[in-house]
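Notes to accompany the following structure.
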Amino acid sequence: MRTIRPSALLCLVLLGAALPASAAVPKGAPAPDFALPARSGGDVRLSELKGQVVMINFWATWCGPCRQEMPLLEQIHAKYEPLGFTLLGVNVEEDSAAAQAWLENMSGTFSVTFPILFDTKNGVAEQFGVEGMPSSVFVDREGKVRYVHRGYKPGDEAEYAEMIRSLVKE
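Going by the numbering used here, the sequence shown opens with residue 80, and the numbers climb by one from there.
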């Protein structure tokens with residue numbers, strides 16, 4: 080019979096401890112509630128949006144794909160908002176002034192009318208298990224996580240629209 084040496088066992092334990100735990104909210108689980116300050120003033124609380132389909136998009140100004148998808152998110156917001164859809168843009172930078180400045184600079188190109196929230200301590204991003212930018216979480220009318228989308232490449236907005244159409248029909 081072969082035995083595992085104590086040093087090999089210790090290495091396996093330490094290696095496992097060093098790997099990041101996936102804290103992503105499983106599909107079908109209730110979305111963690113949060114309240115974050117909004118660009119427009121006041122706080123936005125996720126639980127107050129129950130009954131709406133919500134897309135939570137985590138983004139940062141230093142993220143090229145985030146900047147690329149922002150005008151497309153605005154189009155999605157405008158198209159589906161009348162159907163009971165809300166899009167929340169959650170900026171994850173420590174300094175919300177960078178996001179404010181970027182959004183103001185873009186106002187000549189496009190306007191963002193959906194709520195922009197500031198997660199300066201990354202607490203909400205951690206609750207949702209966000210590991211990269213951009214990341215989007217789709218929450219159904221009952222407050223359950225239904226889809227998670229990581230990253231962005233041109234054409235992903237069609238997938239977003241399909242997810243939203245499916246959820247607003249329920």
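All C-beta atoms, glycine included, are put in the ideal place defined by N, C-alpha and C.
- Around the beta carbon of T192, fewer than 16 other beta carbons lie within 10 angstroms, which makes this residue exposed.
- If you ignore the 5 residues before and after Y159, its C-beta comes within less than 7 Å of the C-beta of I243, V247, all in its own chain and listed in chain order.
- Annotation: the continuous beta strand (DSSP E) that includes Y226 extends over 224-229.
- Inside the segment 147-196, DSSP marks whole beta strand (DSSP E) runs of 3 or more residues at positions 164-170, from first to last along the chain.
- Using a 10 angstroms sphere on the CB of A204, the tally of other CB atoms reaches 16 or more, which defines it as buried.
- For L128, there is no enclosing beta strand (DSSP E), as DSSP marks it with neither H nor E.
- Exclusion of the five residues before and after A117 leaves V123, P194, L196 as the residues of its chain whose Cβ lies within less than 6 Å of its Cβ.
- Annotation for K129: R220, E221, G222 place their beta carbon closer than 8 Å to its own, counting only its chain and skipping 5 residues before and after.
- The three-state reading of DSSP puts S215 in strand, counting E and B together.
- One thing to note: L151 has its Cβ within 8 Å of the Cβ of E236.
- Here E148 is buried, its C-beta having at least 16 other C-beta atoms within 10 Å.
- Under the three-state reduction of DSSP output, A240 falls in the helix class.
- P116 carries a strand assignment under DSSP once its states are collapsed to helix, strand and coil.
- Nearest to K232 by alpha-carbon distance, out of K200, N170, Q206, S215, is S215.
- DSSP places V203 inside the alpha helix (DSSP H), whose first and last residues are 202-206.
- Rounded to the nearest angstrom, the Cβ distance from E241 to H228 is 11 Å, too far for a contact under 8 Å.
- V104 carries a coil assignment under DSSP once its states are collapsed to helix, strand and coil.
- Between P213 and P111 a beta carbon distance of about 19 Å is seen, past the 8 Å cut, so the two are scored as non-contacting.
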